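In what follows, a single structure is set out as structure tokens and then discussed.
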Amino acid sequence: MVTTLTADRLAELQDGDEEFALVDTRPEDSYDSWHVPGALHFPFGPDEEVDGRLEEFEELVGDTERVITICAKGLSSGNLATQLESATDAYAVETVDGGMKGWSGVYDAVEIEGTGDARIVQVQRRAKGCLGYVVGCGETGEAVVVDPTADTDEFTVAAEEAGLSVVGVIDSHVHADHVSGGRQLADELEVPYYLSERATERDVEFEYDALERNEVLAVGERELKAIAAPGHTSEMINVLVDDRALLTADTLHVDSTGRTELEFSEDEGETGARMLYETLHRTILAEPESVVVLPGHVTVTADGEFAHGAPGEEISTTVRAARTGIDALELDEEAFVDRLADAGEKPANFEEIIERNRGALELAPEDRVELEMGPNNCSA
1 MVTTLTADRL AELQDGDEEF ALVDTRPEDS YDSWHVPGAL HFPFGPDEEV DGRLEEFEEL
61 VGDTERVITI CAKGLSSGNL ATQLESATDA YAVETVDGGM KGWSGVYDAV EIEGTGDARI
121 VQVQRRAKGC LGYVVGCGET GEAVVVDPTA DTDEFTVAAE EAGLSVVGVI DSHVHADHVS
181 GGRQLADELE VPYYLSERAT ERDVEFEYDA LERNEVLAVG ERELKAIAAP GHTSEMINVL
241 VDDRALLTAD TLHVDSTGRT ELEFSEDEGE TGARMLYETL HRTILAEPES VVVLPGHVTV
301 TADGEFAHGA PGEEISTTVR AARTGIDALE LDEEAFVDRL ADAGEKPANF EEIIERNRGA
361 LELAPEDRVE LEMGPNNCSA
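Numbering (full-length UniProt numbering), first residue to last: 1 to 380.
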């Protein structure tokens with residue numbers, strides 16, 4: 001009987017010192033576009049026999065004694081694990097329960113330093129690089145959640161472990177790369193759900209509390225200011241916490257800017273780019289250089305690694321570091337618009353995800369992860 005392990009346990013093994021070979025059995029195009037860090041590729045079908053391929057497998061994994069298999073949902077990887085167990089006693093074989101769908105639900109929570117009296121927990125989704133936040137007041141224990149994914153329990157647990165009680169939920173914009181858990185979490189906790197006042201212009205089809213430009217939410221002794229930041233989307237807001245930290249969502253990432261063409265049509269291609277240029281130079285970079293920048297995503301490479309930092313580490317920069325370290329911020333407006341005209345591959349299924357997040361598409365829970373499969377592509 002093949003042993004299964006959870007995706008969370010796989011993450012623990014990756015973070016530790018134990019030796020093992022992780023073998024991904026998905027087709028080549030799926031593996032090349034997105035896989036777990038360090039995974040070796042051995043394409044293998046759900047009905048395939050390992051006879052005749054043992055030598056190939058042995059050359060791939062080398063002299064390791066522990067093999068863990070993974071695929072999209074656990075079917076082909078489970079078959080390979082079963083075949084190996086029957087064909088050879090050279091390996092202790094395990095398979096990841098739920099495969100890459102399970103891996104898509106692995107999270108880390110990191111408390112941010114250097115934000116004064118505010119307590120900010122960054123909730124990181126390893127597989128997609130989504131970064132959500134619990135922003136709280138240490139004195140009163142009140143907190144809001146900003147940009148939660150649909151794995152809402154990860155945010156309630158992060159708040160509880162920080163000694164905070166959630167009194168509100170904010171979505172910075174209508175997300176295009178992942179299913180938002182904002183409405184769900186607000187409903188579960190019976191607390192207000194906030195979007196920008198301009199969300200009506202995105203045809204949002206559900207009720208929310210509108211945050212006006214520069215409106216300040218009091219969260220205990222902390223002040224959270226809604227900063228209008230159009231560009232990535234027309235209704236985007238950033239959240240300034242006590243003039244010490246700025247949650248920039250997909251406006252500004254640690255090493256890049258957000259992309260701008262996911263909302264706007266091809267004929268409106270320059271509109272978002274010019275909006276973003278204005279936001280970056282007149283709003284974000286106008287903040288004091290010491291302000292901590294906390295983005296909504298970190299790029300995950302095709303090899304499954306964070307392009308900046310690592311899971312379990314704080315993903316942040318400062319206004320000063322962004323100004324001097326991100327080359328797109330050194331461009332003039334016309335060059336910036338030209339740069340964003342070719343932002344790269346779009347997020348998978350982004351149009352359906354937008355429809356779901358604005359309330360126009362019902363989505364069964366079991367279909368949610370399938371829709372999100374693959375890396376985020378929100379950076380330009």
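All residues carry an ideal CB built from backbone N, CA and C; glycine is no exception. Fair warning: this is a prediction, and the values are worked out from it, not measured in the lab.
Query	Result
I'd like to know if the region 138-154 and the region 162-176 are in contact, where contact means that at least 3 CB-CB pairs between them fall below 8 Å.	yes
Mind checking whether L22 and L5 have CB atoms under 8 Å apart?	no
Between which two residues does the alpha helix (DSSP H) containing Y31 stretch?	E28 to S33
Which same chain residues, not among the five before or five after Q124, have their C-beta less than 8 Å away from its C-beta?	Y107, D108, A109, V110, C130, L131, V298, P311, G312 and I315
Once you ignore the five residues that flank R213 on each side, which residues in its own chain have a CB closer than 6 Å to its CB?	A228
Can you list, in chain order, the residues of its chain whose CB lies under 6 Å from that of K73, leaving out five sequence neighbours each side?	G99 and K101
Which runs of the alpha helix (DSSP H) spanning at least 4 residues fall entirely within the region 100-168, listed in chain order?	153-161
Comparing alpha-carbon positions, which option in H253, L294 and R198 lies nearest C378?	H253
Quick check: the Cα distance between H175 and M236, rounded to an integer number of angstroms?	10 Å
Who are T318's beta bridge partners in DSSP?	V292
Would you list, in sequence order, the uninterrupted beta strand (DSSP E) runs of no fewer than 3 residues that lie entirely inside the region 183-209?	193-196
By how many angstroms is the C-alpha of V135 removed from the C-alpha of G220?	11 Å
Give me whichever residues DSSP pairs with S379 in a beta bridge.	G258
With T69 as the anchor, note down where its beta strand (DSSP E) starts and where it stops.	R66 to I70
Does DSSP put D250 in a helix, in a strand, or in coil?	coil
Does the CB of E352 have a neighbour CB from chain D at under 8 Å?	In the displayed structure, chain D is absent; only one protein chain is listed.
Could you tell me the boundaries of the beta strand (DSSP E) in which R222 lies?	R222 to A228
Of the residues L240, L217, D303 and F336, which one's Cα is nearest the Cα of M275?	F336
For D209 versus P192, is the C-beta spacing smaller than 8 Å?	yes
With distances taken between CB atoms, is the gap from K128 to H178 smaller than 8 Å?	yes
Rounded to the nearest angstrom, how far is the Cβ of G231 from that of T156, given a contact under 8 Å?	At roughly 31 Å, the Cβ-Cβ gap does not stay under 8 Å, so G231 and T156 are not in contact.
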